[in-house]
Structures are given as structure tokens and as C-alpha cells.
Amino acid sequence: MAGGDDHERRPATRLVTSGRSGGFAGKVVNPPVWRASTHLYEDCADLNARKTRNEDGTFFYGRRGAPTQWALCEALTALEPGAAGTVLYPSGLAALVGALLAVLRSGDVLLVADNAYEPTRNAAMGLLKKFGIEHRFFDPLDHEAYQAAFCDRTRAVMLEVPGSLTMEVCDIPALARIARDKGAVSLLDNTWATSLGFPALERGCDIAITALTKHVGGHSDVMMGSASAGERWYRRLRLGAQQLGHVVSPDDAALVLRGLRTMGVRLNQQTDTALALAQWLDSRSEVAHVLSPLLPGTPDHALWQRDFNGGCGLFSFVLKGGDDAARCRLVDALELFGIGYSWGGFESLALPFDVEPVRSAMPWPKEGWGVEDRYAIRLSIGLEDKDDLIADLANGFAALNEG
Ligand SMILES: *Cc1c(COP(=O)(O)O)cnc(C)c1O
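The sequence shown begins at 1 in the working numbering and counts up by one.
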């Protein structure tokens, strides 16, 4: 759904005002949940006229949405400067794969950042390969290797920042510029910062993808994804999603729209708490490395300060030596941190992870680290009190040390 002349106002205001201009503006605060498979036409002339008009905001059939979904699209487009429209998908992964299928064809080569989300890697190695699309993984911190990875058939580059699990911040404006110079379309998985924290199209990317399941939904009760782009790529995305039959339910769209209204304050709060916890973890003797762009004094932090308008509560840390059993003692002792996938909800989560199986171009442990520093844990910081979270982690370390 296109729209979004709302880009002049500041982002915090746009979170509140956008997606409310539909036919109900001024009557109710939120758009109604409009459940519809079938839209009724005035008469045969109306039916015939709309049959050929595949455009946003006109009724056709439920698969092309209704005002609830259109309101969410309009709000997301208003948040992404440079976007002509936004397409919704039933999950973040469906958005990533749907966008890749919309821009690639058999014989093309796709470059994938080595620290991309694991299911993105799997889609490149599985479904896309089956359709004759080749892939190469590259280290997004090594610009020379990246340039060398291009060939005549390279049509797209899949980027992500910070890197999944390991949290490296790469120079997106530089990587996107190189892709454009080489005639390739750049797609960014922007789930960590969202367009609020990282205006991806302004920074040079062609397609900005967000797993709305995380920060935008924000309450761990809904799954959805989106892709926003300027006019040219938006048209391609929209046709691709229509041909794949992607549609989201109006109830879910209303939930995501509700989450969006408070996303700014949640992210600010979670960023503050995450920084405090990252600093506390950095001071612990059991911790070898804290992996977070929020933490001052690293190259990741410098790039984050240069390119981003905000952060979030997601970061990782690596234990000094130890083994999987010690890591499990720590995680199992936590009471406020649930053990689970996903992130960006109001509640804190902890996830032990192993890096070797999901990298092919970036070393782990990282260069300069002790070879035994490999046991890592990702934290998603929720809205609990910071001191309670620190006390919970301190209990976890006591359990680790008891072993
Ligand atoms: C969770 C996640 C996705 C996928 O979102 P789903 O809604 O779970 O499919 C994509 N990218 C990143 C970085 C994620 O963390």
C-alpha cells in the first residue's frame, strides 16, 4: 500500500499520527478491524472498472487487503523516509523471502552477509537454489572481499545490521553504494533498529525489511513482516506478494498498529536498560566479551553513533572459557529471563547460541580472542526494572560458579 506524505513531522509524532487518515479520520482513534474476503460492488460497471485497476486503497478481493491492513501500510510507509509504499507479509521470514523472490530470477547471483539471520541463509541455500538462484556469503566488515564477490550475474545483496547473534555493525551506506554502482539491488533486514532507529532507504538501501513480530508488535503475541521501498521496487514487491498470495489478517494488522504507537517509548526504555546491563556484564570476570553497539569504545559503537538514531534491548555476551554445561547453569537459574526465540517483546529473554554452524566467511571465535571464548548468550531486554534484571543475572553467575 502506497501513501505517506507524512515525512515532514518528527518520527515520534509520526508513530502517533500516521495510518489514521482512512475513511474514519476524526471519528474514532483506531481504524476498525475490517474482516472481509468479499467486497461488494455497486453494479456490473463498477465490477468491470475495478477488475483492471490494480491499485492501492481500492477494494478488489480480501487478498488485496481492506482498510485495517492499508492503515498499517500507510503508517509504516510514513515512518520510512523515501518509501513509496509498504507490503505486508505473514511473518518476517516471509517478507525476506518474498522480497528476494520478487527481485531475483533464475541465473542471478545473490550476495548474503555472513552474519545474516539463519533462516535467510537457509532460504538462499534451499528454496532460492532450487529456483536456479546462486548465492555467495561475504564478510560485511571486509569491503575488499565484498567487492571481489560481485560478478556479472550479481543482481542483489542481502544485508543485516547489526549482525544476527554476533552484533557487528557494518557500514551500510558504503555497502549499499557499492551494490548500486555494480547494478545490484540492496535489501536490508532492519528488524533490530526498525526505520525509527535506522532510516534504511535514506542510508542508501533499496528495500527495507522488518520483522514486525519483534519491536513493532512488541508484545510477543503476533507474527508479521513488512518490506518498504521507493516506487520502482515497491511495484515489484507488491506484484510478487500478490502472486505468492500473501495476506495478513485484519486482527493481526490491528495488533501491530497498536504496538507501533508505543514502540518509541519502549525502545528508548529498553535501550537504556540494555546499556546498563551491558556495562554490568562487561565488568564481570566470567564474561570475555560483550557484543553490543551500545557499549562505547568499539568500532561498532562508532558506526552506530554515526548512522543510527536509536538502539534497542537486544545484545549478546561471550563467557570466558567454560563449557556448554556452565552456560546452561547460568541460563537455567534465571527467573526473569525466559528461554525462547524471538525478541523485542515487553519481557526479557535469554538464548544460548553457537556461532560455528551459521557462519562460513567470518571467523569464530573472533580474531584476537582466546580460542576457548566461544560460549555465547543473547539477551533481549524487556521493560522490567533494571536492578531486578541485574540481580537475576547475578544469581545466574552464582549458579555458573557453583559447578
Ligand atoms: C525474527 C527475525 C526475523 C523473522 O521474523 P519472523 O516474524 O519470526 O519470521 C527476521 N530477521 C531477524 C533479524 C529476526 O530476528
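Even for Gly, the Cβ is constructed at its ideal location relative to N, Cα and C.
**Prompt:** Are the beta-carbon atoms belonging to A156 and L127 less than 9 Å from one another?
**Reply:** No, these two residues do not count as a Cβ contact at 9 Å.
**Asked** Out of curiosity, what's the CA-to-CA distance linking I339 and L165?
**Response** If I take the Cα positions, the gap works out to 15 Å.
**T194 vs M263 beta-carbon contact at 9 Å** = Yes, Cβ-Cβ distance for T194 and M263 is below 9 Å.
**Asked** If we count the other Cβ atoms within 10 Å of its Cβ and call it buried at 16 or more, is L314 buried or exposed?
**Response** That one is buried.
**Asked** Are P162 and P293 touching if we call contact CB-CB under 9 Å?
**Response** Cβ distance < 9 Å, so P162 and P293 count as in contact.
**Start-to-end residues for the alpha helix (DSSP H) that takes in P250** = Membership of P250 in the alpha helix (DSSP H) is indicated by the continuous run 250-282.
**Asked** Just checking, does the stretch 46-60 make contact with the stretch 192-211 on the three C-beta pairs under 8 Å criterion?
**Response** By the C-beta criterion, the stretch 46-60 is judged not to be in contact with the stretch 192-211, since fewer than 3 inter-stretch pairs fall below 8 Å.
**Item:** Of the listed residues F60, Y146, L291, nearest to A176 (C-alpha basis)
**Value:** The alpha carbon of A176 has as its nearest neighbour, out of F60, Y146, L291, the alpha carbon of Y146.
**Request:** Measuring alpha carbon to alpha carbon, tell me which of A102, G26, G57 ends up nearest G245.
**Result:** G245 has its Cα closest to that of A102, out of A102, G26, G57.
**Message:** Taking only three categories from DSSP, how would you classify G85?
**Reply:** Strand.
**Message:** Across the stretch 29-44 and the stretch 57-75, are there enough close Cβ pairs to call them in contact, namely three or more that are closer than 8 Å?
**Reply:** Because the criterion of three Cβ pairs below 8 Å is met, the stretch 29-44 and the stretch 57-75 touch.
**Asked** Opposite D189 in the DSSP bridges: which residues?
**Response** Bridge partners of D189: E160, I209.
**Item:** Which listed residue (L111, Q305, Y61) has its alpha carbon closest to that of E134
**Value:** Minimum Cα distance to E134 is reached at L111.
**Asked** Closer than 8 Å: is that where the CB of A189 sits relative to any heavy atom of ligand 1?
**Response** Position check: residue 189 holds Asp in this sequence, whereas Ala was assumed. Yes, Cβ of D189 sits closer than 8 Å to a heavy atom of ligand 1.
**Message:** Would the stretch 136-150 count as touching the stretch 111-126 if we require 3 or more Cβ pairs under 8 Å?
**Reply:** With the cut-off at 8 Å, the stretch 136-150 and the stretch 111-126 touch.
**Message:** Measuring alpha carbon to alpha carbon, tell me which residue in L76, Y41, N401, L393 is nearest A276.
**Reply:** Of all alpha-carbon atoms in L76, Y41, N401, L393, the one lying nearest the alpha-carbon of A276 is that of L393.
**Request:** For M192, verify whether its CB is less than 8 Å away from any heavy atom of ligand 1.
**Result:** Reading off the sequence, residue 192 comes out as Trp, not Met. Yes, ligand 1 has a heavy atom inside 8 Å of this Cβ.
**Request:** Please go through the same chain and pick out, in chain order, the residues whose beta-carbon is closer than 7 Å to the beta-carbon of W280, but skip the five residues on each side of it.
**Result:** Contacts found: I390.
**Message:** Given the structure, does S91 come close to ligand 1, in the sense that its CB is under 8 Å from one of the ligand's heavy atoms?
**Reply:** Using a cutoff of 8 Å, the CB of S91 counts as near ligand 1, since one of the ligand's heavy atoms is closer than that.
**Asked** If you pair each beta-carbon of the stretch 218-232 with each one of the stretch 72-87, do three or more pairs fall below 8 Å?
**Response** Because the criterion of three Cβ pairs below 8 Å is met, the stretch 218-232 and the stretch 72-87 touch.
**Item:** Which of helix, strand or coil DSSP assigns to I377
**Value:** The answer is strand: DSSP assigns I377 an E or B state.
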